[in-house]
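Here the structure is laid out as structure tokens; the discussion comes afterwards.
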Amino acid sequence: MKKIISLLLLVTLFCSCNEYQKALKTEDIAVKFEMATKLYDAGKYSKAIRIFEQIAPAYRGKPQAEKLFYMFAQSYYKTKQYYLAGYQFESFVSGYPKSEKIQEAAYLGAKSYSMLSPVYSLDQADTVKAIDKLQTFIDTYPNSEYLTEANVTVKALSEKIEKKVYENAKGYNTISDFKSAIVAFDNFIADYPGTTFKEDALFYKYDSAYQLAINSVPAKMQERLNVAVVAHSNLIKFDANTKYKKKADEMFARIEKDLQKFTK
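For the sequence shown, the numbering used here begins at 8 and goes up steadily by one.
So this is what it looks like as structure tokens:
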């Protein structure tokens, strides 16, 4: 019995493959469309794409085109070809503004760009583009069923950019370019006032001001020590029990001691 079932499966598979190859080679676009639809429904998206690519130009303007281009875009999305999926979904939205699939297509088009967003340490051009696409979707469809998910994605992408900017500022501190670090942290705090990295940014700005001050020539030390005092005050105002309190207090004791030299 098992042998018979296995044989039947092999025959079915062979016929299916043979049917697919015939569809690829035929000039009959209706046959191709039927096969591509069958493959799409079966979840065989890569094979479906090969046929969709063949017949897409011929179906533009035809009654079946809306269904074809929706399946085409979805096939790219399902196979994680997000650049192509984003392009196809945007084309679908533009070409079929009255489609019942319009909101889904608009959302998946924007989401495709978010899937291209790299880790925070790399260039974030695709992340910025994704946020822009998702925000356009949110503004266009404020009552969409996809609104909550879109907002969550925008928040996650925005936090990624924040981390990138924060780490760039911290990098100046790491390489002891304290002047640049102070400017970078000031810009970061101004641009992202509600950031989750604010405590860290305030501390490393303070640390940068401190390091710059204690390593200064005497003529610039007092002024820079006072800048460090303000940076310390801003950190403590943000959180009197900051996780950096012990180190911050030790640094502040050194600042007070050094400032005493200028009051004699």
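Quick reminder that beta carbons are idealized off the backbone N, C-alpha and C, glycines included. Here the structure is a predicted model, which means the values were calculated and not measured.
In whole angstroms, what is the alpha-carbon distance linking residue i and residue j?
i, j, result
"Y211", "Q267", "24 angstroms"
"T202", "F245", "12 angstroms"
"Y27", "V172", "51 angstroms"
"F21", "T33", "Bear in mind that a pLDDT of 48 at F21, under 50, signals an unreliable position, so the model cannot answer this."
"N25", "E166", "50 angstroms"
"P125", "Y89", "13 angstroms"
"Y52", "F59", "10 angstroms"
"E111", "A65", "25 angstroms"
"M258", "T270", "19 angstroms"
"Y47", "P200", "47 angstroms"
"T134", "A80", "21 angstroms"
"K39", "S106", "23 angstroms"
Give me, in chain order, the residues of the same chain whose beta-carbon lies closer than 8 angstroms to that of residue i; leave out the 5 immediate sequence neighbours on both sides.
i, result
"A255", "F210, Y213, H239, L242, I243 and T249"
Under DSSP, the alpha helix (DSSP H) around residue i begins and ends at which residues?
i, result
"V190", "F185 to D198"
"I262", "K252 to L266"
Are the Cβ atoms of residue i and residue j separated by less than 8 angstroms?
i, j, result
"A188", "I196", "no"
"I62", "T86", "no"
"I168", "A157", "no"
"F185", "Q218", "yes"
"F96", "L115", "yes"
"Y83", "L91", "yes"
"F76", "S98", "yes"
Excluding the 5 residues flanking residue i on each side, which residues of the same chain have their C-beta closer than 6 angstroms to its C-beta?
i, result
"S13", "For S13, the pLDDT reaches just 49, beneath the cut-off of 50, and the residue's location in the model is therefore unreliable, although a value from the coordinates is still provided. Contacts found: none."
"Y153", "Y114"
Apart from the five residues on each side of it in sequence, which residues of its chain come closer than 7 angstroms, Cβ to Cβ, to residue i?
i, result
"Y179", "S187, A188 and A191"
Point to revise | alpha helix (DSSP H) runs contained entirely in the stretch 31-84, provided each spans 4 or more residues | key: 36-48 and 52-66
Review point. What residue ranges within the stretch 102-168 form continuous alpha helix (DSSP H) runs of no fewer than 4 residues, ordered along the chain?
Key: 109-121 and 132-147
**Study point:** Whole runs of the alpha helix (DSSP H) within the stretch 216-246, excluding any shorter than 4 residues
**Key:** 225-245
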